[in-house]
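Step one of this worksheet: look at the structure below.
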């Protein structure tokens with residue numbers, strides 16, 4: 001793994017962090033759950049490096065961070081009404097929805113599965129970066145695949161200092177566990193991972209929509 005100078009960005013450095021992402025760099029970002037290791041989801045070369053640095057298995061799909069459902073519509077198709085209802089109620093927040101992929105992100109992101117995980121993070125710095133970047137960011141947790149997910153910028157640096165281009169220091173993560181994942185592509189919603197929102201709460205919410 002090539003050594004790099006890892007830049008520590010602050011709340012004053014949104015534009016430089018965006019520029020680094022647009023150039024294909026790897027930048028760790030804060031969310032309310034855990035820190036994520038982000039790249040432009042449309043840049044296959046950057047996504048490939050992300051897998052390498054994280055030591056992640058290629059067949060494990062990546063979710064992407066978005067600003068909201070308007071951005072989701074750029075990347076997903078045949079979006080069910082439940083997705084809009086969940087987004088209105090739980091976004092920004094620790095909820096990832098699996099929807100039908102439109103084929104805009106790099107094929108490396110979802111391994112050609114035809115689906116895409118999307119999440120709107122509840123952190124002002126990362127929201128600002130997403131708005132300025134104007135693209136979805138592939139952002140798994142910022143840790144090697146066999147290590148605990150980081151909740152502070154220092155924990156990310158302990159893993160990746162010198163191996164990623166930058167990290168945006170947004171303070172400690174408020175929730176501290178990964179997002180809950182709900183799959184909306186099948187005949188009935190399915191909880192794929194328990195996280196920051198109880199899965200049963202999501203299912204009860206969806207049942208209440210009628």
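In our numbering, the protein residues as written are 1 to 210. Note that beta-carbon positions come from the ideal geometry of N, C-alpha and C, so glycine has one too. The structure displayed is predicted, hence computed values, not measured ones.
In this structure, DSSP gives residue 63 an extended state, which the three-state scheme calls strand. If you draw a straight line from the Cα of residue 120 to the Cα of residue 185, it is about 18 Å long.
Here the alpha carbons of residue 154 and residue 183 stand approximately 33 Å from one another. Judged by DSSP secondary structure, residue 190 falls outside any alpha helix (DSSP H) and instead within the beta strand (DSSP E) spanning 190-193. With fewer than three CB-CB distances shorter than 8 Å, the segment 138-145 does not count as touching the segment 78-97. 7 Å or more divides the Cβ of residue 170 from the Cβ of residue 6. For the pair residue 176 and residue 122, the Cα-to-Cα distance works out to about 12 Å. By the C-beta density criterion, residue 108 is buried, having at least 16 other C-beta atoms within 10 angstroms. Comparing alpha-carbon positions, the option among 172, 165, 143 and 168 lying closest to residue 158 turns out to be 143.
Under the three-state reduction of DSSP output, residue 34 falls in the coil class, being neither helix nor strand. Boundaries of the alpha helix (DSSP H) harbouring residue 155: 153-160, taken from the DSSP string. Restricting attention to 33, 180 and 128, the CA atom closest to the CA of residue 12 is found in 128. When secondary structure is reduced to three states using DSSP, residue 175 falls in the coil class, being assigned neither helix nor strand.
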